[in-house]
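What follows is a short report on a single structure.
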Amino acid sequence: MRVAVDAHMVGQPTPGDAGNARYAAQLVEALCATAGGADQVAALIAYADARRLLPDAAIHASVSAGGVTRLLRSAPAALAALESDAAVFTYVAPPRLTIPVALAIHDVTFMTNPEWLPVRARVMLRRLVPAAARRAAAVLALSETARREICDVLGLPASRVHVVSPAARSIFQPAADAERRVADRFGLRRYCLAVGDLGPRKNLATLRAAVAGLRDTTLTLVVVGRGTPPAGWRDDPSIRLLGHVTDEELADLYAAAAVTVFPSLHEGFGLPALEALACGSPLVVSDRGALPEVVADAALVARPDVAGLGDAIRAALEPTTAGRLRAAGPARAGCYRLQDMGETAWRVLREVGRR
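This note's numbering puts the sequence shown at residues 43 to 397.
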């Protein structure tokens, strides 16, 4: 069976949806790692850097860069040239394909909380995703929480929505010398780490207020992620905005952090939380979306307001609690495996391919 995966966002040189790109790249890797002898995996790519980021085992086929409209126009010809038996797209797919499609939907906040999105993205997703989901032979959700929300909001039967969760890459693991590397590379000592874009859903303004409320002058708030920060953040000496970092640097930042906080108002999965667990970082997450499901009892779960986050951060910094969380994180992260991701995805794709 030859499967094509929409990876057009992988390697995008300008700020985009990093979560979608990371999931697509990992799905290609997982499918390649678990492919049977007669199976082949192709990746639909739009940027040259994707060839470096995706497995060599995958066939690379080009589609047009420049957004969803160009993808929808160019993908059918690429799929035909590949003679694909099935395809995986993210959120939207060409409407008149002759092969079955599995549609990956990370969350449905474009329907439930459209104010978190730019107007153009909001309009596009609300117009195209429900129809694409109805046409799809299967829908891939990243968590049980997301699966329930997709079924409820889009009106899909549970039998068509399958959980295919990501995993933390192997580079994300505890590292004894991470503190030295972080100090040498970034000049950081004791810090609270937040990872994610700077959009309103990530709730970083509330986190900033919570950290400030601790009145701990030795604790710096470090933010990793793309986007435009609120006015005054760049000039605040208690905040470090690192922008984009490599995965190697990110793994060290997790491992060396006094605490990592993921205060998001909603996540369909929350891969940074899983990466932090894998690195043994004491972790605080909000009680929204799939985050409690992902972390289980390996992190502190808090209300995403100033008081709730502040209390949880203070608790996570306490040495006994921090030690417990550092020990529990890698074990919990190990419950999500690339092998499971690939095997589950192949099972779904073979099922839809037989229809």
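Glycine is no exception: its CB is placed at the ideal position from the N, C-alpha and C atoms.
Please state whether DSSP places residue i in a helix, a strand or coil.
i	result
L184	coil
I147	coil
T132	strand
L235	strand
I355	helix
S207	coil
L230	coil
D329	coil
A375	helix
A387	helix
What separation, rounded to the nearest whole angstrom, lies between the Cα atoms of residue i and residue j?
i	j	result
A90	T363	45 Å
Y65	A252	30 Å
R389	I213	27 Å
L73	A200	24 Å
A210	V237	14 Å
R356	L307	20 Å
S207	P279	38 Å
G310	L263	25 Å
S328	A369	20 Å
A163	D48	18 Å
E125	D382	26 Å
R189	A183	5 Å
L235	P156	27 Å
E221	Y296	10 Å
V130	T288	27 Å
S185	G61	14 Å
Do residue j and residue i come within 9 Å of each other at the CB atom, strictly closer than that value?
i	j	result
T154	E191	yes
L170	L159	no
A135	A80	no
C321	Q215	yes
Q54	A46	no
A99	V52	no
A175	I141	no
A144	A375	no
A341	L325	yes
A128	P97	no
V181	V203	yes
Is there a C-beta anywhere in chain D that falls below 9 Å from the one on residue i?
i	result
V45	In the structure shown, chain D cannot be found, because there is only a single protein chain.
Is it a yes or a no for the region 84 to 103 touching the region 216 to 231, going by three-plus beta-carbon pairs under 8 Å?
Touching, no.
Let me know the beta strand (DSSP E) ranges lying completely inside the region 242 to 314, each 3 residues or longer, listed in chain order.
Whole beta strand (DSSP E) segments, 3+ residues: 262 to 266, 281 to 285 and 301 to 304.
Evaluate the contact criterion for the region 245 to 260 versus the region 341 to 352: three or more CB pairs, one atom per stretch, below 8 Å.
In this structure the region 245 to 260 touches the region 341 to 352; the number of beta carbon pairs closer than 8 Å is three or more.
Would you list, in sequence order, the uninterrupted alpha helix (DSSP H) runs of no fewer than 4 residues that lie entirely inside the region 53 to 135?
Considered as a whole, the region 53 to 135 harbours 60 to 75, 92 to 95 and 110 to 124 as its complete alpha helix (DSSP H) runs of no fewer than 4 residues, in chain order.
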